[in-house]
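Each remark here refers to the structure printed beneath this line.
Next up, the structure:
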């Protein structure tokens, strides 16, 4: 897989970002704003699954309401994240935190659109339930793992 | 004692030296700061989007204020604690950092905006609680959203040393804004 990472690093996009003083920090800042929106939408549903937050609405209603914001911000994170990655792809290849982040990101997304979606849509209109609580904890652990890995790419 | 003296003194305290020298502590505090950013900034965004009328219009604003805002406030408290520790690890540089100063000013403005919303706008919510929010409410939400995004931008930029005092020559305006007095040899 290393040749692919080297190719990303060598593209004019990677090079342009690497050589600019402002581009990397600026893209990073947009990446953080995307993180805020993604985290907010994830939390609204997971808090509800835990029986707190907006608990008069069903988890399904909340998920439907925040979904456009979730998808929009995840798109923003992907675009900015890929740009950041291209500028330092080789460093990422050798970064443990990067692989942790990619693994938890993949798991978090798959989980969100399989187990979590099913649990959210079949849950009761009010109150918390065991399956909901477990789902929320798993979802939060996965997403916090993504954020943690992201921060630690910068430390390596 | 000038603020500069204070931050110089702070940087010599044992706490500051220990934090500065411990790589693990600094990284862990940074991570906590990012995690609580997710909780505080994330939920604040949701509240602001509701005030703007851009999401969940059928859920009363009062429900957001009663049930979502406390979680955001809890996140904010941990953010302030972790942020203070981050400053404590590098006091002088933070104090003379252009983006740190910008961030602190924006934080005060965001606080004012929140105060105006809570004590001037929110008490009259009976008329619009579960309805399309009136202009004042949308303005408060929009201003809050823009301010918090700007604060995150500034926060991210603190890490970069483009305008640092020990990197001279800088434009006179930069040195003025960071209260930096470069040594004559640095001109």
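Residue numbers (my numbering), protein chains in the order written: chain A, 40 to 195; chain B, 10 to 196.
Every residue, glycine too, gets a C-beta built ideally from N, C-alpha and C.
Check this for me: beta carbons of residue i and residue j, under 8 Å apart or not?
i                      : j                      : result
residue 95 of chain A  : residue 72 of chain B  : yes
residue 147 of chain B : residue 60 of chain B  : yes
residue 101 of chain B : residue 181 of chain B : no
residue 147 of chain A : residue 105 of chain A : no
residue 125 of chain A : residue 66 of chain A  : no
residue 134 of chain B : residue 70 of chain B  : yes
residue 42 of chain B  : residue 95 of chain B  : yes
residue 171 of chain A : residue 115 of chain A : no
residue 81 of chain B  : residue 46 of chain B  : no
residue 75 of chain A  : residue 50 of chain B  : yes
residue 40 of chain B  : residue 187 of chain A : yes
residue 178 of chain A : residue 72 of chain A  : no
residue 74 of chain B  : residue 131 of chain B : yes
residue 57 of chain B  : residue 153 of chain B : yes
residue 174 of chain A : residue 154 of chain A : yes
residue 10 of chain A  : residue 162 of chain A : For chain A, the structure presents residues 40 to 195; residue 10 of chain A sits outside this window and is missing.
Along chain A, in chain order, which residues have C-beta atoms closer than 8 Å to that of residue i?
i                      : result
residue 44 of chain B  : 183, 186, 187
residue 64 of chain B  : 104, 105, 108
residue 174 of chain B : Result: empty, since nearest Cβ-Cβ is about 18 Å, beyond 8 Å.
residue 48 of chain B  : 78, 82
How many Å lie between residue i and residue j at the Cα?
i                      : j                      : result
residue 121 of chain A : residue 48 of chain A  : 11 Å
residue 27 of chain B  : residue 144 of chain B : 50 Å
residue 149 of chain B : residue 123 of chain B : 8 Å
residue 116 of chain B : residue 138 of chain B : 27 Å
residue 126 of chain B : residue 60 of chain A  : 39 Å
residue 186 of chain B : residue 58 of chain A  : 28 Å
residue 91 of chain B  : residue 84 of chain B  : 11 Å
residue 53 of chain A  : residue 182 of chain A : 27 Å
residue 158 of chain A : residue 108 of chain A : 20 Å
residue 19 of chain B  : residue 29 of chain B  : 12 Å
residue 78 of chain A  : residue 23 of chain B  : 36 Å
residue 167 of chain B : residue 142 of chain B : 36 Å
residue 104 of chain B : residue 37 of chain B  : 22 Å
residue 63 of chain A  : residue 194 of chain A : 15 Å
residue 158 of chain B : residue 43 of chain A  : 34 Å
Under the assumption that residue i contacts residue j (Cβ atoms under 8 Å), give the Cβ distance between them as a whole number of angstroms.
i                      : j                      : result
residue 76 of chain B  : residue 92 of chain A  : 6 Å
residue 68 of chain A  : residue 161 of chain B : 7 Å
residue 90 of chain A  : residue 167 of chain A : 3 Å
residue 134 of chain A : residue 192 of chain A : 5 Å
By the criterion of Cβ-Cβ separation under 7 Å, what are the contact partners of residue i in chain B?
i                      : result
residue 190 of chain A : 39, 40, 43
residue 64 of chain A  : 165, 166, 169
residue 71 of chain A  : 161, 165
Can you check whether the C-beta of residue i is within less than 8 Å of a C-beta belonging to chain E?
i                      : result
residue 158 of chain B : This model lacks chain E altogether, as its protein chains are A and B.
Interface residues of chain B around residue i at Cβ under 8 Å?
i                      : result
residue 94 of chain A  : 76
residue 141 of chain A : Those within 8 Å of residue 141 of chain A in chain B number zero; the least Cβ separation is about 17 Å.
residue 67 of chain A  : 165
Quick check: is any heavy atom of the ligand HEM less than 7 Å from the C-beta of residue i?
i                      : result
residue 146 of chain A : The ligand HEM is not part of this structure, which contains no ligands at all.
I want to verify the contact list: residues of chain B whose CB lies under 9 Å from the CB of residue i, in sequence order.
i                      : result
residue 116 of chain A : What residue 116 of chain A touches in chain B: nothing, since even the nearest Cβ is about 12 Å away.
At 9 Å on the CB atoms, spell out the chain A contacts of residue i, in chain order.
i                     : result
residue 36 of chain B : 190, 191, 194
Which residue spans inside the segment 60 to 101 of chain A form an unbroken beta strand (DSSP E) run of at least 3? Here no run is fully enclosed.
Completely contained alpha helix (DSSP H) runs for the segment 45 to 119 of chain B, where each covers 4 or more residues: For the segment 45 to 119 of chain B, whole alpha helix (DSSP H) runs of length 4 or above, ordered along the chain, are 70 to 76, 78 to 98, 100 to 104.
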